[in-house]
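Printed below as a string of structure tokens:
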């Protein structure tokens with residue numbers, strides 16, 4: 001069964017900065033794009049840190065002032081001086097549920113998404129992750145059907161799947177009783193499913209053969 005991945009929910013157009021980006025330019029980007037933070041990338045697009053609104057506010061006080069000897073203002077810092085590091089990131093292939101737990105544990109609003117080489121490929125926010133709890137019924141139905149076919153081995157059409165407001169009703173018949181053992185639990189794990197009502201039966205009871213063990217001579221299938 002395929003759970004919703006971070007890659008399914010992330011935004012691939014990401015506002016980012018380099019370690020040399022000036023303080024003022026970082027602040028402008030946050031305001032212009034209405035984001036709470038930006039990843040800081042090196043020359044190979046690897047995430048080396050994150051600059052958040054909190055980082056900027058902490059750096060903004062006190063304001064730069066003329067030096068006592070030269071009379072020249074202290075230059076504002078660049079992103080490398082104010083960023084939080086190491087950056088907290090998530091892999092694109094990780095589940096949305098894992099990303100949500102990480103955000104909650106670290107108390108952050110957004111996560112840079114990286115590939116296997118730690119290069120930036122997107123960004124995922126708490127708002128993005130909330131989408132997995134409001135999946136359309138049609139999409140939930142498709143995911144349930146995929147799970148029944150790929151995991152349980154139920155041919156398409158043998159079990160009818162009805163979904164209303166996230167509540168899944170299963171009707172039909174499967175080949176073996178053993179398939180019913182985990183069918184309900186499997187469907188309950190599909191992202192977006194609220195509850196499951198199963199009215200599925202089996203054509204044959206193969207559980208007696210399984211429980212008998214070596215004392216029974218099972219037919220080779």
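Residue numbers (my numbering): 1 to 221. Where a beta carbon is used, it is the ideal one built from N, C-alpha and C, also for glycine.
Distances from the CA of residue 11 to each of 44, 130 and 122 were compared; the closest alpha carbon is that of 122. For residue 167, there is no enclosing alpha helix (DSSP H); the residue is found in the beta strand (DSSP E) stretching over 167 to 176. No residue range can be given for residue 148, since it is assigned to no beta strand (DSSP E) and is classified by DSSP as neither H nor E.
Taking residue 9 as reference, the option from 152, 113, 205 and 140 with the minimal CA-CA separation is 113. The alpha carbon of residue 203 has as its nearest neighbour, out of 159, 43, 14 and 59, the alpha carbon of 159. Per DSSP, the beta-bridge partners of residue 38 are 51. For residue 105, the secondary structure class from DSSP, reduced to helix, strand or coil, is helix. Looking at the DSSP output, residue 119 sits in a beta bridge with 46. In the structure shown, residue 33 adopts helical secondary structure according to DSSP, grouped into three states. One thing to note: residue 141 has its Cβ within 9 Å of the Cβ of residue 168. In the structure shown, residue 97 adopts helical secondary structure according to DSSP, grouped into three states. Contact between residue 206 and residue 176 holds: CB atoms are separated by about 5 Å, below the 8 Å threshold. At a Cβ-Cβ threshold of 9 Å, residue 93 and residue 7 count as neighbours. Here the alpha carbon of residue 20 sits roughly 54 Å from the alpha carbon of residue 196. Collapsing the DSSP output to three states places residue 207 in a helix. Around the Cβ of residue 144, a 10 Å sphere holds 16 or more other Cβ atoms; the residue is buried. Here the alpha carbon of residue 99 sits roughly 7 Å from the alpha carbon of residue 90. A direct Cα-to-Cα measurement between residue 156 and residue 183 gives close to 15 Å. Taking the Cα positions, residue 186 is about 15 Å away from residue 4. Taking the Cβ atoms as the reference, residue 53 lies roughly 6 Å from residue 30, within the contact range of under 8 Å. Residue burial is scored here from C-beta neighbours: residue 192 has at least 16 other C-beta atoms within 10 angstroms and is therefore classed as buried.
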